[in-house]
Amino acid sequence: MNANVNTNALEPGPLRRDLLLQEALDRQLDTLVRQANRTAALLEKSKMEKSQLRNLLNVAVTSRSPEVVINFIRYQIARDKDKWSLEQKGFGHTVIGDLRGIVKELAGKVVEDVTARMPDAPQAETLPDIAYARLMQLYLGYLNRAFYYGKETGDFERLREGANA
1339 MNANVNTNAL EPGPLRRDLL LQEALDRQLD TLVRQANRTA ALLEKSKMEK
1389 SQLRNLLNVA VTSRSPEVVI NFIRYQIARD KDKWSLEQKG FGHTVIGDLR
1439 GIVKELAGKV VEDVTARMPD APQAETLPDI AYARLMQLYL GYLNRAFYYG
1489 KETGDFERLR EGANA
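Heads up: the sequence shown runs through residues 1339 to 1503, numbered per the working numbering.
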């Protein structure tokens, strides 16, 4: 047997849990996209560059830690106020609020959904962290895409409309 193969991943329990987790995450995507559109629209008059949001997304993908991502955002706010905004309702603090608010709330719904459908889910104690990290990554990916659209087309109004769809 190959020593690199995770035999737990081949067992029906973890496979079912992972499938239920993916289905529960998928049910939250429209809400995430709308919030990402709403937040990206705040950048209409900013000097934000596409590479800066890609850097944020890279931090989220490599660390998988919401607190590491929030720390990075605070650093960006402090070093580049014109792009990230010091204001509490500015872009940087809004992203932090989204991560600690709606993204975390949706992660809770995902966990409730999975545990309701599989009460004896293997490694259930890891579900909250997994769901939160994955939704954070998805949210920041959608935020990056929305900003790219707005920056390239200049049509931030359509982002605001999409946020309210």
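Don't be surprised by glycine CBs; every beta carbon is placed ideally from N, CA and C. Computed from a predicted structure; not experimentally measured.
>> If we define contact as Cβ-Cβ less than 8 Å, is D1493 a contact residue for chain C?
In response: Protein chain content of the structure displayed is limited to a single chain, and chain C is not contained in it.
> Buried or exposed: where does S1389 fall if 16 or more other Cβ atoms within 10 Å of its Cβ makes it buried?
Replying inline: Within the sequence shown, residue 1389 is the residue found at index 51, counting from 1. Flag for S1389 reads exposed.
> Run through DSSP, which three-state label would A1459 get?
Replying inline: Counting from 1 along the sequence shown, the entry for residue 1459 is found at position 121. Collapsing the DSSP output to three states places A1459 in coil.
> Roughly how many angstroms lie between the CA atoms of V1407 and E1450, to the nearest whole one?
Replying inline: The count along the sequence shown starts at 1 and reaches residue 1407 at position 69. The count along the sequence shown starts at 1 and reaches residue 1450 at position 112. Approximately 25 Å, taken between the alpha carbons.
> Going straight from the alpha carbon of P1352 to that of D1364, what length do you get?
Replying inline: The count along the sequence shown starts at 1 and reaches residue 1352 at position 14. The count along the sequence shown starts at 1 and reaches residue 1364 at position 26. Counting only the Cα atoms, D1364 lies some 18 Å from P1352.
> Taking the C-alpha atoms as reference points, what is the distance between E1443 and V1433?
Replying inline: Against the sequence shown, residue 1443 aligns to sequence position 105. Against the sequence shown, residue 1433 aligns to sequence position 95. Here the C-alpha atom of E1443 lies approximately 14 Å from the C-alpha atom of V1433.
>> Let me check understanding here. Comparing Cα to Cα, which of T1491, A1471, L1473 and K1385 lies closest to D1418?
In response: The residue given as residue 1418 occupies position 80 in the sequence shown. Among T1491, A1471, L1473 and K1385, the Cα nearest to that of D1418 is on K1385.
>> Quick check on E1425: does DSSP put it in helix, strand or coil?
In response: Sequence index remark: in the sequence shown, residue 1425 carries index 87 (1-based). In the structure shown, E1425 sits in coil (DSSP, three-state: anything other than H, G, I, E or B).
>> I need the DSSP call for Q1390, collapsed to helix, strand or coil.
In response: Position 52 of the sequence shown, counted from the first residue, corresponds to residue 1390. Here Q1390 carries a helix assignment [DSSP, helix/strand/coil].
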